[in-house]
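Take a look at the structure set out below.
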Amino acid sequence: MPVDVLAVGAHPDDVELTCGGTLAKLHKLGRTTAILDLTRGEMGSRGTPELRATEAAAAAAVLGVSTRENLGLPDSGVVSTPETREQLARVIRRFAPRIVIAPAPRGNHPDHSAASKLIRDAVFVSGLAKVAPDVPKHRPVKIVHAIAYREDHVKPTFVVDISDELETKLNAVRCFASQFDGALSAGEAYPTGDPFLHVLRHQAAHYGSLIRRRFGEPFFTYETMRVDDITTLDVSTF
Ligand SMILES: [Zn+2]
């Protein structure tokens, strides 16, 4: 079934942490979304792949995502090869999204940057008729990188206002009890001494402040954003 937006993460829960509020907002706006986790997170220190799969399904339901699938690539072994590109391209063609959300181009966990590259490669290959010719080609219009928590010197290209969706995002994150119960940090959301969900709230408040809203999620695109009427621009200078 085609969707408007396909969010792809390396591990179950990556998507919730980086763009869960955006997915919840898309659902409110009447857009259809799907999540694809590239690995089952079997190398994670906490939880089991089976438990994480149950948690991932519950989180997807909280966010209003239509479908969530797992590509079953090896955790800590994500790499862009002709085979993995074709595997992912087949899923992209099946969902035929207009927009694909990918992780940040750089990341601490090697799977994150590798996933970012694999997704870009697979989106390109998905538009090549002679790769997997048994499935009609489809190339999404755009890839946006969810860059929450990254500390690179990259300004977000845009921030999605999730002021009304932050609680939904946090509820989706709560579904991953095996990962976050009692945690003070996870992935690139570093510990501050506050409980992990508070750290997420503070981070979202920072991104929200960049667009003069309470909470936000940041994205980066290599392409430039187009504007027709500059009198409609907001986010005040002073
Ligand atoms: Zn991850």
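For what it's worth, this note's numbering labels the leading residue of the sequence shown as 2, then goes sequentially.
All residues carry an ideal CB built from backbone N, CA and C; glycine is no exception.
In this text the structure is predicted, and so the values were computed from the model without any measurement.
- The secondary-structure analysis by DSSP pairs K143 across a beta bridge with I100.
- As the crow flies, the alpha-carbon of V66 is around 22 Å from that of A123.
- When V228, A61, R215 and Q204 are compared, the shortest CA-CA separation from T33 is found for A61.
- Exclusion of D162 from the 7 Å shell around ligand 1 follows from its C-beta lying no nearer than that to any non-hydrogen atom of the ligand.
- Sequence-distant partners of A58 (beyond 5 residues in either direction) whose C-beta falls short of 7 Å from its own C-beta, in its chain, are R69.
- Counting the other CB atoms within 10 Å of its CB gives K26 a total of 16 or more, which places it among the buried residues.
- Beyond the five residues adjoining it in sequence on each side, S81 comes within less than 6 Å, by CB distance, of K118, L119 and D122 in the same chain, given in chain order.
- Beta-bridge analysis with DSSP links E218 to V161.
- For V174, the enclosing alpha helix (DSSP H) stretches over residues L167 to R175.
- The stretch 137-157 makes contact with the stretch 194-208, as at least three CB pairs between them are under 8 Å.
- Short note on A11: C-beta closer than 7 Å to some heavy atom of ligand 1.
- Comparing alpha-carbon positions, the option among P13, D230, A187 and T23 lying closest to V6 turns out to be T23.
- When the alpha-carbon of R213 is set against those of K143, D235 and I231, the nearest one is in D235.
- DSSP lists L37 as the beta-bridge partner residues of E70.
- Residue state for V9 is assigned as strand, using DSSP reduced to three classes.
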